[in-house]
């Protein structure tokens, strides 16, 4: 279905499938040829993985700064919550493939269009989770902080944000995995990241190329998720502290 | 005075090595015609409250809900603003100080404890010293001293998180945290309210012993009259609308309630409650009976209430009291108890 959609619109340059060389598996266009994958991993996929990571890191960083700032404002002034929440939800409803395409006439083909779309998709979850995390800080901890003479700023930095950290990190996990997945579609407008071999393989029908890129995208998402979980484990030891007898 | 002996008689256990505690000055707190009005309420929450809480005493604020006891307490550290009148700490108006400075100089303990779940016990106790910019070594040493003071081994508990402690242990940490910067005044808002009765009794006793040592001024809010009588050097009873019904020592309030409201509030058993304030070695007993019949015996540091209860339980009409040195010191009968209560009542009236 995607192939049918993609073919007439594809802007990507022609990719010449490497059927000429290789073993029998690749000549017969087998489902997945490990030899071909290992031979081509370094020069074909490593640059794509790096692009993919870059796309994701930029989108998550910018998205986090925007959503975090918006959540802090909404936490202090409730009247801002609805506009922020609605706007980020609106972005989230735009079909991804359409979003990338819509950006092309406005910001052209390339990184800027891709990042605008990717950032927009991160806002809803990052905003929601940050705000919820801040709101769920136990009132008694806040009352104790105020009663002991912490200023509002000190309460935010020393009590509220650390206690909201697990919720914020949970939001980052979802946003990161989603962005890695969505970033493959960015290749629809510009051949960047692991989406590029996927789109080209859809056109050429090269099974191994298609499967390799897809598996790498999945693996990338799993690794990123594991890294975030590990960082949470290290930074919030209190969150798993339970009374042990 | 009753209070020291009461704690001594019944307190046990956890707060041993207390001698290391530093005892600081205590502050006198004066409520001077304090009124609190909320914008949308027709009646004031606190109505012209005037009280002088002597330095070094535990002063209990008690009353029915709507009496404004917590409101009155929270005006001391300006968690609630004063509409009219003034509160002074050692002569200085609370409004004359920077609000964060004021609060850092007042220990604050709340019912829900409010420990920071993301900080270790050590770090929780170090909260105010850190705000005050103490150096690391001093903060650490003070933290260890305080944990010992409240009966928690700093080596065992210092690195744990609040979630790893029981409710009673957490409230001890809350106490240690409130005392960290050695404030001359502590505010305690139903500090033992959410704790099971057995642990509560132990915490009460331990706190009384601790207070003997540190002698800070304590404003203690509770809704439990028994706790008020046990903990307070002075009790202020507030009635609905935030008006002061009576202010006095537990004995004064029990033996001479100002009006029907107070009499009802302290309960029909106020006579018995008074007996719990006195020990056998503090009252006048009859000489030992001449005949050597075997009688019920009671140690001299028992409260009169407990002695009476022992007599009733055993079906006896009298008992003999044995002093610390093992000698029999006197003879207690129902008559002695009745005369004791009547005499005190006259004393207060006169």
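Chains as they are written, first to last, in the working numbering: chain U, 942 to 1186; chain B, 74 to 423. For glycine and all other residues, C-beta sits at the position ideal for the given N, C-alpha and C.
With contacts defined by Cβ atoms closer than 8 Å, residue 251/B and residue 180/B form a contacting pair.
Under the Cβ distance rule, residue 284/B does not count among the residues neighbouring chain U, no pair being separated by less than 8 Å. From the beta-carbon of residue 1100/U, the residues of chain B found nearer than 7 Å are 189.
Looking from the CA of residue 1077/U, the closest CA among 1088/U, 1170/U, 1102/U, 1124/U belongs to 1102/U.
A buried status is given to residue 992/U, since no fewer than 16 other beta-carbon atoms sit within 10 Å of its beta-carbon. Secondary structure note for residue 103/B: its beta strand (DSSP E) is the uninterrupted segment 102-109. Assignment of residue 152/B by DSSP, reduced to helix, strand and coil, places it in the coil class. In the structure shown, residue 228/B falls within a helical segment according to DSSP collapsed to helix, strand and coil.
For residue 185/B, the chain U residues whose C-beta falls within less than 7 Å of its own C-beta are 1081, listed in chain order.
Cβ contact annotation for residue 1066/U (same chain, cutoff 6 Å, sequence separation greater than five): 1112, 1115, 1116, in chain order. According to the DSSP secondary-structure assignment, residue 161/B is paired through a beta bridge with 103/B, 166/B. About 12 Å separates the CB atoms of residue 1154/U and residue 1132/U; that is not less than 8 Å, and the two are not in contact.
Listed along chain U, no residue sits closer than 8 Å to residue 244/B by beta-carbon distance, the nearest being about 12 Å off. Taking residue 978/U as the centre and dropping the five residues before and after it, the same chain places the C-beta of 1153 closer than 6 Å to its C-beta, in chain order.
Residue 1183/U and residue 1083/U have their alpha carbons spaced roughly 21 Å apart. For residue 1048/U, there is no enclosing beta strand (DSSP E); the enclosing alpha helix (DSSP H) covers residues 1037-1048.
When secondary structure is reduced to three states using DSSP, residue 366/B falls in the coil class, being assigned neither helix nor strand. Under DSSP, residue 252/B forms no beta bridge with any residue. With respect to chain U, the C-beta atom of residue 150/B has a partner C-beta closer than 8 Å. Rounded to the nearest whole angstrom, the C-alpha separation of residue 223/B and residue 178/B is 20 Å. Residues of the segment 1088-1099 of chain U whose Cβ lies closer than 9 Å to any Cβ of chain B, in chain order: 1088, 1089, 1090, 1091, 1092, 1095, 1099. The segment 280-295 of chain B and the segment 121-136 of chain B touch, with three or more beta-carbon pairs separated by less than 8 Å.
Neighbourhood of residue 1133/U in chain B, by CB distance below 9 Å: empty, with the nearest CB roughly 40 Å away.
Below the 8 Å Cβ cutoff, chain U contributes 1090, 1091, 1092 as neighbours of residue 173/B, in chain order. Beyond the five residues adjoining it in sequence on each side, residue 1022/U comes within less than 6 Å, by CB distance, of 1015 in the same chain, given in chain order.
Excluding the 5 residues flanking it on each side, residue 1057/U has same chain C-beta neighbours closer than 8 Å at 1044, 1048, in chain order. Proximity of chain B to residue 1084/U at the Cβ level (cut-off 7 Å) is accounted for by 183, 187, in chain order. Under the three-state reduction of DSSP output, residue 966/U falls in the helix class.
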